[in-house]
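Here the structure comes first, spelled out in structure tokens, and everything after it is commentary.
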Amino acid sequence: MTTITGGCHCGAIRYEIAGELIVHALCHCTDCRRHAGAPVVGWTMYAEDALKVTKGTPKLYKSSEHGRRQFCADCGTGLFYTNANIMPGIVDIQSGTYDDPDAVPAMMHIQTAERLRWMERAHELPTFERYPPQE
1 MTTITGGCHC GAIRYEIAGE LIVHALCHCT DCRRHAGAPV VGWTMYAEDA LKVTKGTPKL
61 YKSSEHGRRQ FCADCGTGLF YTNANIMPGI VDIQSGTYDD PDAVPAMMHI QTAERLRWME
121 RAHELPTFER YPPQE
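Numbering-wise (the UniProt record's numbering), the sequence shown opens with residue 1 and increments by one.
This is how it looks when you write it as structure tokens:
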């Protein structure tokens, strides 16, 4: 069992995870996209007791009838998601907030019924190590 650490962009919230990974999924649902402002969000799923917030207190947002999202109230970074109705005892943690986001490779895509059409071929787009040429 490896301990994973992470936190928000500004450093006000810090956490650690000490438990067995259930799955690491890339979510394409509309709720995740809108909350993160991104076309896809990486989530790692663990038993709730594997997560310990070590600094600060995340703000709770009731994003649906049963869904609860936690984020940093200072910088807005999304951190955790729970839904006791469909995932009792489970917490999803945004993997992009890990200190080492490469520590746990993604395993699958989920909610692809809501995936943006252009994401299906995003891997075919030109790539640049930094910014594209400005000419």
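Glycine included, each C-beta is placed from N, C-alpha and C at the ideal position. What you are looking at is a predicted structure, and each value in this text was computed from that prediction instead of being measured.
Out of I4, T3 and C8, the CA that lies nearest to the CA of G76 is found in C8. The DSSP-derived three-state label of R117 is helix. Close CB contacts of H35 within its chain, under the 7 Å cut and outside five residues either way in sequence, are with S63, R69 and G78 (chain order). Contact between the region 41–56 and the region 116–125 is absent: fewer than three C-beta pairs spanning the two stretches fall below 8 Å. The criterion of a C-beta distance shorter than 8 Å is not satisfied by H28 and M107.
Our two residues, H24 and V104, have alpha carbons roughly 7 Å apart in a direct line. Around the beta carbon of R115, a 10 Å sphere encloses 16 or more other beta carbons of the protein chains shown; the residue is thus reported as buried.
DSSP, read as helix, strand or coil, puts E16 in strand.
Across the structure, A50 and I17 are spaced so that their CA atoms are roughly 5 Å apart. When the alpha-carbon of G89 is set against those of T2, I22 and A12, the nearest one is in I22. Within the same chain, and ignoring the five residues on either side of A12 in sequence, the residues whose Cβ sits closer than 6 Å to its Cβ are G56, C72 and D74. Under the three-state reduction of DSSP output, D102 falls in the helix class.
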